[in-house]
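Each residue of the sequence shown is one higher than the one before, counting from 8 in my numbering.
Backbone N, C-alpha and C fix where the C-beta goes; we use that ideal spot for every residue, glycine too.
Data first, discussion second: the structure below is written as structure tokens.
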Amino acid sequence: MSQPPSDIVHLSLDGEDPRHQTALLGDVMGRQLAGGAVTVHADHRPSADWKVAMLAPGVALARGRQGHITATRDAAYLADGDADFSIFWVHRGAVPFEQNDRRVRLGPSEALLVAHGRPVSSSWGESEFSVLRLPRDALPGSGRYDRAGGLTISLDTMAGRLLTSYAETVWTMLQAAPVPAFVERHLAELAGAAIEESAGRDAGPPGEGLRAARLARMREIVRQHAGNAALGMAEVARQIGLSERAGYQLFEDGQESFSELLYATRLDRARELLADGYAGRILDLALEVGFSDLSHFNRRFRRRFGFTPSDARHPRAS
């Protein structure tokens, strides 16, 4: 069952009166993410262009860019009672954060846990970022996490990679349709696992969130590398830390077929290329999308679309 359409708020300072830019940024940031003071770096004009999707009460996922500002959540803002958490990760640039006497320069290889119930400051040059906001009652270890504010989460670890890749998948889904209600639970579980792993603690047995994130990541690997004729389950599973057998089992548990996904991805790409006027030989097309046998490609193509690749290139008159 899906939630009602997610509330996506778009903030852009482009074209806004410079006298009102910091007030606008602070207002939207406070209502959607966390309250704080916004100041502009000397001799600069602030920039911001980001979207926030409200997935559930207290749960938000945001992505965009901003720069030339400092955001500070100090004692005056802590009085608002917000004791939730956010996890930031940077796609481009570097952002200094300070919380709980931890000073971190956040770059693209790591994420950062921010505790809203503790003072925090961040200084933004031109940076692209994502942030996940979660209510404290969604994280079982929230009592420990207040003290962990400012903790870096390596994106080179499996838990960190799965958290951010699943969040990116959710973000892509949000652009087209509402997301299922269980996504909030998945994100919270993955965030908890990434935090525990970064703190050197056992994250516990895998739950449905970890399974969903692994499956989503495997689908993404297939989409990215389907043109490699040698791509198979062994390599895809290895990239998320599973054996080949466990990878197949994950697809079976989700009532999906890895082979059908791989073939469908290759065939859909072939049809896209033909629709865009692909001028090469059909054999070269088959090889480009990941097939090593032309007859196999032709059979699979006709079974999926009801016509041959040659028919797609030269449609018959009706």
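Please report how far the alpha carbon of leucine 146 lies from the alpha carbon of valine 190, in whole angstroms. Distance from the CA atom of leucine 146 to the CA atom of valine 190, rounded to whole angstroms, is 14 Å.
My assumption, with CB atoms under 8 Å, is that glycine 100 sits in contact with glutamate 135. Please give the rounded CB distance. Confirmed, Cβ separation roughly 7 Å.
Spell out the partners DSSP gives tryptophan 96 in its beta bridges. Ala118 and Ser137
Following the continuous beta strand (DSSP E) through alanine 49, name the residue where it begins and the one where it ends. Looking at the DSSP string, alanine 49 is not in any beta strand (DSSP E), and its letter there is neither H nor E.
For histidine 17 and histidine 51, which I take to be in contact (beta-carbon distance under 8 Å), what is that distance rounded to the nearest angstrom? For a cut-off of 8 Å, the C-beta gap from histidine 17 to histidine 51 is around 23 Å, too long to register as a contact.
Distance, valine 121 Cα to valine 156 Cα: Here residue 156 is glycine; the residue named in the question, valine, does not match the sequence. If I take the Cα positions, the gap works out to 5 Å.
Note the first and the last residue of the continuous alpha helix (DSSP H) segment covering threonine 179. 165-181
Cα-Cα separation between methionine 240 and phenylalanine 95, rounded to whole angstroms: 32 Å
Please return the same chain residues whose Cβ sits closer than 8 Å to the Cβ of leucine 249, not counting the five positions on each side in sequence. Arg221 and Leu257.
Range covered by the alpha helix (DSSP H) that runs through alanine 328: The structure shown has nothing for residue 328, since the chain only spans 8 to 325.
With DSSP collapsed to three states, give me the class of leucine 113. strand
Quick check: the Cα distance between threonine 46 and leucine 68, rounded to an integer number of angstroms? 23 Å
Taking the beta strand (DSSP E) that glutamine 231 belongs to, which residues open and close that run? No beta strand (DSSP E) holds glutamine 231; the alpha helix (DSSP H) holding it covers 215-232.
Using the rule of at least 16 other Cβ atoms within 10 Å of the residue's Cβ for burial, across every protein chain shown, is alanine 184 buried or exposed? By the neighbour-count criterion, in which a residue is buried when 16 or more other Cβ atoms sit within 10 angstroms of its Cβ, alanine 184 is exposed.
Of the residues Asn107, Leu274, Asp153 and Arg109, the one placed nearest asparagine 305, counting alpha carbons only: The candidate whose alpha carbon is nearest that of asparagine 305 is Leu274.
Whole-Å CB distance - valine 127 paired with leucine 113, under 8 Å assumed: Not really, about 12 Å apart at Cβ, beyond 8 Å.
Leaving out five residues before and five after threonine 29 in sequence, what residues of the same chain have Cβ atoms less than 8 Å from its Cβ? Val45, Thr46, Val47, Pro53 and Ile76
Taking C-beta to C-beta, are leucine 194 and leucine 158 nearer than 9 Å? Not closer than 9 Å, so no.
Helix, strand or coil, according to DSSP, for phenylalanine 312 in the structure here? helix
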